[in-house]
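Colleague:
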Amino acid sequence: MKVGYREVDIFSNTEIAKDIFELKVQIESNDSMGDPGQFYMLRSWDLDPLLSRPFSICNVEESVLTFLYKVVGRGTNYLSKLKPKDKLKVLGPLGNGFNLNVSGKVALISGGIGIAPMIYLAKKLNTGIDFYAGFTNEVYYMDYVRKYVAKIYITTEDGSTGQKGFITDIFRPEKYDVVFTCGPSPMMKKVVENCENKSSVFVSMESVMACGMGVCLGCSIKTKSGMKRVCKEGPVFKGEEVFFDD
Amino acid sequence: MIDTKVNIAGVEFKNPVIAASGTFGFGREFSEYFPISKLGGLSTKGLTLRQREGNKGVRIHETTGGIMNSIGLQNPGIDAFIEEELPFLNSQDTVIIANVSGNTIEEYVISVEKLNQTEIDMIELNISCPNVKEGGISFGTKAEIASNVVTQVRKVCQKSLIVKLSPSAENMVEMAESCVEAGADALSLVNTFPALAIDISKKKAIFDNITAGLSGPCIKPIALRMVYEVSKAVDVPIIGIGGIMDYRDVIEYIMAGAWAVQVGTANFINPNACAEIIEGIEEYLQKEGISTLEEIRGII
Numbered sequence: 001m002k003v004g005y006r007e008v009d010i011f012s013n014t015e016i017a018k019d020i021f022e023l024k025v026q027i028e029s030n031d032s033m034g035d036p037g038q039f040y041m042l043r044s045w046d047l048d049p050l051l052s053r054p055f056s057i058c059n060v061e062e063s064v065l066t067f068l069y070k071v072v073g074r075g076t077n078y079l080s081k082l083k084p085k086d087k088l089k090v091l092g093p094l095g096n097g098f099n100l101n102v103s104g105k106v107a108l109i110s111g112g113i114g115i116a117p118m119i120y121l122a123k124k125l126n127t128g129i130d131f132y133a134g135f136t137n138e139v140y141y142m143d144y145v146r147k148y149v150a151k152i153y154i155t156t157e158d159g160s161t162g163q164k165g166f167i168t169d170i171f172r173p174e175k176y177d178v179v180f181t182c183g184p185s186p187m188m189k190k191v192v193e194n195c196e197n198k199s200s201v202f203v204s205m206e207s208v209m210a211c212g213m214g215v216c217l218g219c220s221i222k223t224k225s226g227m228k229r230v231c232k233e234g235p236v237f238k239g240e241e242v243f244f245d246d
Numbered sequence: 001m002i003d004t005k006v007n008i009a010g011v012e013f014k015n016p017v018i019a020a021s022g023t024f025g026f027g028r029e030f031s032e033y034f035p036i037s038k039l040g041g042l043s044t045k046g047l048t049l050r051q052r053e054g055n056k057g058v059r060i061h062e063t064t065g066g067i068m069n070s071i072g073l074q075n076p077g078i079d080a081f082i083e084e085e086l087p088f089l090n091s092q093d094t095v096i097i098a099n100v101s102g103n104t105i106e107e108y109v110i111s112v113e114k115l116n117q118t119e120i121d122m123i124e125l126n127i128s129c130p131n132v133k134e135g136g137i138s139f140g141t142k143a144e145i146a147s148n149v150v151t152q153v154r155k156v157c158q159k160s161l162i163v164k165l166s167p168s169a170e171n172m173v174e175m176a177e178s179c180v181e182a183g184a185d186a187l188s189l190v191n192t193f194p195a196l197a198i199d200i201s202k203k204k205a206i207f208d209n210i211t212a213g214l215s216g217p218c219i220k221p222i223a224l225r226m227v228y229e230v231s232k233a234v235d236v237p238i239i240g241i242g243g244i245m246d247y248r249d250v251i252e253y254i255m256a257g258a259w260a261v262q263v264g265t266a267n268f269i270n271p272n273a274c275a276e277i278i279e280g281i282e283e284y285l286q287k288e289g290i291s292t293l294e295e296i297r298g299i300i
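Printed below as a string of structure tokens:
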């Protein structure tokens with residue numbers, strides 16, 4: 001049997017850029033704490049808000065699990081107030097992550113807070129990959145990622161770091177055999193469109209979800225092989241399988 | 001010695017906790033968290049004659065004390081359910097209730113005829129889904145229309161028949177009485193409340209269908225009042241549904257007149273919710289020196 005929600009201790013909860021928080025929790029677990037692309041449902045409250053919030057695994061180091069989140073609403077606002085030793089309830093790891101068994105030249109492309117699963121993915125692949133990261137203005141986590149990748153490409157919308165513009169402006173798909181991407185839907189759509197070999201582009205989808213475990217069907221998306229649950233069959237899908245406009 | 005068993009329309013439930021339709025899939029996902037044979041029963045995701053993809057756009061929206069959903073009966077269709085999901089459910093030691101929806105009376109009838117041939121324990125007729133354009137709730141607002149659906153289904157239905165009522169019924173008691181008269185063996189109430197949420201930056205409704213079904217703790221006091229009123233008016237067993245989050249809520253429903261309950265939204269925020277509620281009921285009865293649910297049923 002899988003365990004349900006576990007109560008864990010907050011190790012740290014740090015604002016690393018405006019409204020961007022790095023949350024580390026301590027988990028004692030004999031099972032896998034999760035693979036890149038998998039996620040956890042988190043809640044630090046009782047019944048208000050009612051639902052838990054899904055977050056990708058950003059890193060796993062021994063018994064410490066890292067999440068990265070942007071404060072956008074009530075749930076993330078509550079999370080941002082947590083202090084070390086506070087309690088948090090977690091359910092996971094959930095969903096299907098990225099296929100790590102790839103060969104050839106690999107590119108990781110992230111937009112904004114979509115960088116979260118890409119950090120853990122970069123660390124796990126750790127084989128001369130190129131990392132493309134697009135930000136609005138403030139840049140974060142690049143020093144950590146540098147240890148695991150061959151080259152980093154950065155864009156900011158205000159041009160404060162790296163090249164001014166969007167990450168899709170500088171991404172050169174023809175250089176790569178495999179592409180992994182996570183970020184805003186229009187960004188991922190463009191990445192898939194630009195890649196000629198679409199069967200080797202993998203996207204991490206986001207959707208509003210209630211349960212995170214495949215029963216509410218709130219996060220279902222239409223794919224070329226029928227309706228799929230982002231939380232269960234995903235969140236990672238082949239780029240050619242999904243429709244970004246629906 | 002406490003006994004939580006309850007008999008509804010000739011079907012014995014080991015306890016009064018039934019997983020509500022649309023919140024428990026076909027049981028597989030939850031069976032990874034706890035043995036689902038602990039449940040009194042399980043009502044399947046709403047089934048339709050043909051497969052449905054469900055609704056487009058936003059499907060879930062959180063609100064204070066509740067969630068709104070507009071899934072739109074995404075399901076594999078009756079035949080695929082019988083072939084692919086039912087064998088697993090039948091292997092579980094719990095009451096299996098097939099929740100059936102339709103766009104037309106004929107669709108309900110064909111679906112029920114197909115289910116007659118299976119080992120399903122009961123059928124729950126969903127005349128109250130707020131998220132489909134035809135059928136669903138339109139059958140559940142006017143008593144004479146509901147009565148017609150139930151009469152036609154009753155003619156063919158060889159299983160015990162539960163009718164699931166909508167809180168949008170023009171007159172809840174009249175609706176309940178009509179459904180019983182038309183042949184319902186039991187009633188379950190209530191389905192979600194049609195509700196509205198607006199995105200003020202996009203200046204349009206959150207949901208493509210404009211309205212969606214509200215569930216969760218915010219609806220509990222209203223649903224509880226409806227169960228109370230209906231249980232006083234009809235003689236068939238009532239299954240109470242609406243915002244049950246813990247065992248205390250279940251006891252309230254039993255005291256209001258319910259024989260059993262369905263737990264829905266709580267499953268989304270805790271996969272072990274039903275198992276914990278069942279334990280909580282047992283502990284409560286033990287502590288209060290109550291040996292059967294009948295002792296407290298309808299005492300209000």
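Residue numbers (UniProt numbering), protein chains in the order written: chain A, 1 to 246; chain B, 1 to 300. All C-beta atoms in this analysis are idealised placements derived from N, C-alpha and C, irrespective of residue type, glycine included. Since the model is a prediction, treat every value here as computed from it, not as a measurement.
Relative to chain A, which residues along the segment 243-271 of chain B have a C-beta separation below 8 Å, given in chain order?
Modeller: Per Cβ criterion, the list reads M245, T265, N267, F268, I269, N270, P271.
Colleague: Strictly under 8 Å for the Cβ-Cβ distance: is G34 of chain A near chain B by that measure?
Modeller: Taking the first residue of the first sequence as 1, we reach residue 34 of chain A at position 34. Cβ-Cβ to chain B under 8 Å: no for G34 of chain A.
Colleague: Whose CA, out of A:R6, A:P36, A:F21, A:K222, lies closest to the CA of N99 of chain A?
Modeller: To locate residue 99 of chain A, count along the first sequence from 1; it is residue 99. When only C-alpha atoms are compared, the closest one is A:P36.
Colleague: Can you confirm whether V242 of chain A, when its beta carbon is compared against all beta carbons of chain B, has any partner nearer than 8 Å?
Modeller: Residue numbering aside, residue 242 of chain A sits at position 242 when the first sequence is read from its first letter. No, because no Cβ of chain B sits closer than 8 Å to the Cβ of V242 of chain A.
Colleague: Can you tell me where the alpha helix (DSSP H) with Y141 of chain A in it begins and where it stops?
Modeller: As a first step, residue 141 of chain A must be located in the first sequence, where it is residue number 141. Segment: none, Y141 of chain A is in no alpha helix (DSSP H) and carries neither H nor E.
Colleague: Return the residues of the segment 76-102 of chain B that lie within a Cβ-Cβ distance of less than 8 Å from chain A, sorted by chain order.
Modeller: none
Colleague: Give the single residue among B:V150, B:I145, B:E84, B:T141 whose Cα lies nearest to the Cα of V112 of chain B.
Modeller: Numbered from 1 along the second sequence, position 112 holds the residue referred to as residue 112 of chain B. When C-alpha distances from V112 of chain B are compared across B:V150, B:I145, B:E84, B:T141, the shortest belongs to B:V150.
Colleague: Three-state secondary structure (DSSP) at D246 of chain B?
Modeller: Taking the first residue of the second sequence as 1, we reach residue 246 of chain B at position 246. D246 of chain B falls in the coil class under three-state DSSP.
Colleague: Closer than 6 Å by C-beta to S110 of chain A: which residues in its own chain qualify, once you throw out the five before and the five after it? Chain order, please.
Modeller: On the first sequence, position 110 is the one that residue 110 of chain A refers to. Sequence-distant partners of S110 of chain A (beyond 5 residues in either direction) whose C-beta falls short of 6 Å from its own C-beta, in its chain, are M118, A133, C182, G183.
Colleague: Note down, in chain order, every chain A residue with its Cβ under 9 Å from the Cβ of N69 of chain B.
Modeller: The residue given as residue 69 of chain B occupies position 69 in the second sequence. Going along chain A in sequence order, the residues near N69 of chain B (Cβ under 9 Å) are A210, C216, L217, G218.
Colleague: Quick check for students: name the residue ranges of the beta strand (DSSP E) that lie wholly in the segment 129-214 of chain B, counting only runs of 3 or more.
Modeller: 160-165, 186-189, 193-196
Colleague: Does the segment 87-99 of chain B touch the segment 32-45 of chain B, meaning 3 or more C-beta pairs lie closer than 8 Å?
Modeller: yes
Colleague: In angstroms with no decimal places, state the Cα-to-Cα distance between Y247 of chain B and V192 of chain A.
Modeller: Walking along the second sequence from the start, residue 247 of chain B turns up at place 247. Walking along the first sequence from the start, residue 192 of chain A turns up at place 192. Approximately 49 Å between the Cα atoms of the pair.
Colleague: Which of the three DSSP states, helix, strand or coil, is assigned to T23 of chain B?
Modeller: Locating residue 23 of chain B in the second sequence gives position 23, where the first residue counts as 1. Residue state, collapsed to three classes: coil.
Colleague: Using a Cβ-Cβ cutoff of less than 8 Å, which residues in the same chain neighbour V58 of chain B once the five nearest sequence positions on both sides are dropped?
Modeller: For this step, residue 58 of chain B is matched to residue 58 along the second sequence. Closer than 8 Å at the Cβ level, and outside the excluded window around V58 of chain B, lie S70, I206, F207, D208.
Colleague: Would you please verify whether the beta carbon of P217 of chain B is less than 8 Å from any beta carbon of chain A?
Modeller: Here the question's residue 217 of chain B lines up with position 217 in the second sequence. Yes, contact with chain A.
Colleague: Indicate whether the contact test is met: 3 or more Cβ pairs, each with one atom in the segment 156-164 of chain A and one in the segment 58-73 of chain A, closer than 8 Å.
Modeller: Short answer: they don't touch.
Colleague: Mind listing, in chain order, the continuous alpha helix (DSSP H) runs of no fewer than 4 residues lying wholly within the segment 265-292 of chain B?
Modeller: 266-269, 273-288
Colleague: With DSSP collapsed to three states, give me the class of L47 of chain A.
Modeller: The sequence position of residue 47 of chain A within the first sequence is 47, counting from 1. Correct three-state label for L47 of chain A: coil.
Colleague: Taking 8 Å as the CB-CB cut-off, is I60 of chain B touching chain A?
Modeller: Numbered from its first residue, the second sequence carries residue 60 of chain B at position 60. Closer than 8 Å to some Cβ of chain A, the Cβ of I60 of chain B qualifies, so yes.
Colleague: Answer yes or no: do Y33 of chain B and M1 of chain A have a C-beta to C-beta separation smaller than 8 Å?
Modeller: Against the second sequence, residue 33 of chain B aligns to sequence position 33. Against the first sequence, residue 1 of chain A aligns to sequence position 1. Yes, they are a contact pair.
Colleague: E206 of chain A: which of A:G4, A:Q38, A:R6 sits nearest, CA to CA?
Modeller: The sequence position of residue 206 of chain A within the first sequence is 206, counting from 1. Comparing Cα positions, the closest option is A:Q38.
Colleague: With DSSP as the reference, label E62 of chain A as helix, strand or coil.
Modeller: For the purposes of this step, residue 62 of chain A is taken as the residue at position 62 of the first sequence. Note: E62 of chain A maps to coil in three-state DSSP.
Colleague: Can at least three beta-carbon pairs, one atom from the segment 197-215 of chain A and one from the segment 11-22 of chain A, be found at a separation below 8 Å?
Modeller: Between the segment 197-215 of chain A and the segment 11-22 of chain A, the count of Cβ pairs shorter than 8 Å is below three; the stretches do not touch.
Colleague: Determine the extent of the alpha helix (DSSP H) in which F30 of chain B is found, giving its start and end residues.
Modeller: Here residue 30 of chain B is taken as the residue at index 30 of the second sequence, counted from 1. First-last of the alpha helix (DSSP H) with F30 of chain B: 28-31.
Colleague: Tell me whether the segment 144-161 of chain B and the segment 47-55 of chain B touch, counting them as touching only if at least three CB pairs, one residue from each stretch, are closer than 8 Å.
Modeller: Segments in contact, no.
Colleague: Taking DSSP as the reference, what is the three-state secondary structure of K70 of chain A?
Modeller: Position 70 of the first sequence, counted from the start, is the residue given in the question as residue 70 of chain A. Reduced to three states, the DSSP call for K70 of chain A is strand.
Colleague: So, with DSSP's three-state summary, where would you put K124 of chain A?
Modeller: As a first step, residue 124 of chain A must be located in the first sequence, where it is residue number 124. Three-state DSSP puts K124 of chain A in a helix.
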